[in-house]
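Heads up, the thing below is written out as structure tokens.
Residue numbers (my numbering): 1 to 743.
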């Protein structure tokens, strides 16, 4: 009986909410963000309820892992790099001073999170914490709901803390670099424990006989303490937390408001704007009043009037996040690319995973090449000459061995001479120094990544009229052909003699994540990893029909073992539909490939199904590692109805828009619209199209079409229209099967 009563009450509440929305939704776009989406992971790393301004230096994350974690270690003052730990742990305490300890495992409750504010109750001590970030600073208040002693402890990881009057300052250690801070309380502590220079100290405030609040504002810096203090004074002039909250709301509404959607369900709008919020977690601007600290050379530099950006995982973000930013924030995107060039000047190589402390240097390939090529193709203003110099030097002199930052090895020399990365047999012992026993050689993944990167570098060379360099890298961009097994339709590892590794299991060979040969995914995912030359990939299969037959099989091929056995080998391969892996970046473009083989209606069907199945407004609504905007950008593009299959070409492949209308408000003052007439969950198939009022039968449109403003208008229906988007002229552009050398 109680259950029925509860369900009835929930139904009434839901109906009331829907009624309120239909009567006139007065929410702003930031109010659609639910940063709890994905806070429970399917297998690996969850999302976090991050509070920060768009792409800003200060990020606030509670010190707990998933939503289901019942304890937290405190509230760090900053998370310098996405998902790589925090600094300066703040730990409040109420009660007897003798019970204070350097580490707490707080029970917590009533956690409330938005992009611009974080609140939580430490229920062991009845302390209500309220945080709000600015760009380089933040403010928090602690309300002590019970009487007695009141304390605020700060813990560093081997740093130093100093105090005087109502101020605390010092630094923490983060991967070998110093993170400075300066903090002031609105109430002067009675005392601060310990001595100046200690790594852990706490401020003691006069015992209260009634509920009371202590407020604090602070600034952070990677330069020095004085810079941190200036950030605090400039950005948070007093202790008005509501003013900081209001400024945060304004900043988020400005960024998120560049895209407006109409139609769709309440959950779909929430999922969309939450994904768009995640697309502003990285890169981050770390310029500080005209200066910046570079983790590559450990020096402080003048930014010469242009902000310096870092914190990027190129393997994850080149697919969709950077292409999205070329549309939404083109000036900032140019600054990011110039920052990569600066990093090359600082260190001698273009990094793969730049962070505030240096190059994390993870995964395989150097897809900064793709980020450069994509920006070039879309007219972004950046130092193309410097980018070409840096990335061409890097790929020719740095090793391609995954997760290893160092000069090239004999394996690299083999690749440069022969055109594939040699693989080992399962019982063959690794003999090359520096190769991780876990990450292994990833021989096929390395070859495919290098082929694409070389094509991207060739585009830079062509723009600079460097003919010999263009031809050199363009010829190398076809190296993927060396590993294609025409008999099986897979990219298959070869040994140093050029023989395919046999016997071979395309699902399970290669150890955890198939890393001996692929990376995080098995051979089924890497069939399609030829972003720059999909037309040639179709040709390798012999016909569009064979190509689409293999695509069809991808989505129905079984796991071949029980789920627990499959995921024990492939923990990154979440969000499965057959052997298709929605939860990992190399799969993002795959559903759009039907458009390259004359069956775009299958793309429309797949995309809608994938969005419905794996991107939802709930705690498990992200199907894989989000990676700071990498996966969210896929959803933003797909929900709008198009996707950048090839970073480096100025085209977008049309899918099936989730919303009735999408407006993208561009920095040039123009607006691009996607209108889907008669759109619904069933009516996901395009019947006909118009671009700027003219009949349109192509399955793609150009970046110029977006920048020029205008409207893509789609007529939708509940059955496939197999006549729309077919024919040679309808197929999206790719490199093609023939070399086009500069003469």
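All C-beta atoms, glycine included, are put in the ideal place defined by N, C-alpha and C.
Enclosing alpha helix (DSSP H) for residue i [first to last residue]
i	result
residue 211	Taken as a continuous stretch (DSSP letters only), residue 211 belongs to no alpha helix (DSSP H), as it is neither H nor E.
residue 234	225 to 235
residue 87	Where residue 87 is concerned, there is no enclosing alpha helix (DSSP H), although the beta strand (DSSP E) it sits in stretches over 87 to 94.
residue 385	384 to 397
residue 333	330 to 347
residue 547	544 to 554
Of the listed residues the options, nearest to residue i (C-alpha basis)
i	options	result
residue 644	733, 598, 428 and 159	733
residue 456	366, 167 and 87	366
residue 735	174, 388, 651 and 127	651
residue 152	613, 168 and 164	168
residue 639	259, 241, 186 and 245	259
residue 390	460, 608, 408 and 425	460
residue 620	568, 253 and 68	68
residue 670	742, 430 and 327	327
residue 432	453, 404 and 416	404
residue 35	618, 666, 642 and 634	618
residue 262	691, 196 and 657	657
residue 681	497, 613, 575 and 319	613
residue 281	322, 296, 497 and 410	322
residue 603	724, 585 and 506	724
Contacts around residue i, its chain only, beta-carbon distance under 8 Å, and the 5 residues preceding and following it disregarded
i	result
residue 64	71, 72, 73 and 108
residue 489	527, 541, 546 and 550
residue 21	Confidence in residue 21 is poor, its pLDDT being 41 and thus under 50, which makes the residue's placement unreliable; the coordinate value appears in the next sentence. Answer for residue 21: 266, listed in chain order.
residue 444	421, 423, 483, 491, 492, 493, 517, 518, 523 and 526
residue 353	312, 313, 314, 315, 359, 360, 361, 362 and 363
residue 776	Residue 776 lies beyond the range of the chain shown here (1 to 743); nothing can be said about it.
residue 406	398, 399 and 434
Close-in-space but distant-in-sequence residues of the same chain around residue i (CB under 7 Å, 5 per side omitted)
i	result
residue 463	376 and 384
residue 485	492 and 500
residue 382	334, 337, 338 and 375
residue 245	116, 117 and 132
residue 569	508 and 512
residue 479	419, 420, 447, 450 and 451
residue 566	559
residue 722	601
residue 742	462, 467, 470 and 471
residue 273	29, 32, 33 and 256
Anticipated Cβ contact below 8 Å, residue i with residue j, distance rounded
i	j	result
residue 683	residue 717	6 Å
residue 124	residue 140	The Cβ separation is near 18 Å, so there is no contact.
residue 172	residue 88	5 Å
residue 159	residue 207	With a Cβ gap of about 29 Å, residue 159 and residue 207 do not count as contacting.
residue 636	residue 47	No, residue 636 and residue 47 are not in contact; Cβ-Cβ is about 15 Å, not under 8 Å.
residue 538	residue 596	6 Å
residue 625	residue 84	Rounded, the Cβ-Cβ distance is 13 Å, inconsistent with contact.
residue 212	residue 190	Not a contact, Cβ separation roughly 14 Å.
residue 572	residue 520	4 Å
For residue i, the first and last residue of its enclosing beta strand (DSSP E)
i	result
residue 162	160 to 164
residue 130	127 to 133
residue 76	75 to 78
residue 665	661 to 665
residue 677	671 to 677
residue 261	259 to 262
residue 151	148 to 155
residue 691	685 to 691
residue 109	109 to 114
residue 117	117 to 122
Residues near residue i by beta carbon distance below 6 Å, same chain, minus five either side
i	result
residue 317	630
residue 714	676, 686 and 689
residue 23	A caution first: residue 23 carries a pLDDT of 40, below 50, which makes its placement in the model too unreliable to give a value.
residue 468	none
residue 264	658 and 659
residue 697	730
residue 533	734 and 735
residue 371	318 and 322
Residue-level contact to chain D via CB, residue i, 7 Å cutoff
i	result
residue 226	Annotation note: the requested chain D is absent from the structure, which comprises a single protein chain.
Stretch pair the stretch 539 to 549 + the stretch 467 to 474: three plus CB contacts closer than 8 Å: no
At least three beta-carbon pairs within less than 8 Å, the stretch 215 to 224 to the stretch 257 to 269: no
Three CB pairs or more closer than 8 Å across the stretch 573 to 580 and the stretch 309 to 324: no
The stretch 49 to 58 in contact with the stretch 282 to 290 per 3-pair CB rule at 8 Å: yes
Segment contact, 8 Å Cβ cut-off, at least three pairs: the stretch 77 to 92 with the stretch 349 to 367: yes
The stretch 225 to 244 / the stretch 177 to 189 touching (three or more Cβ pairs under 8 Å): yes
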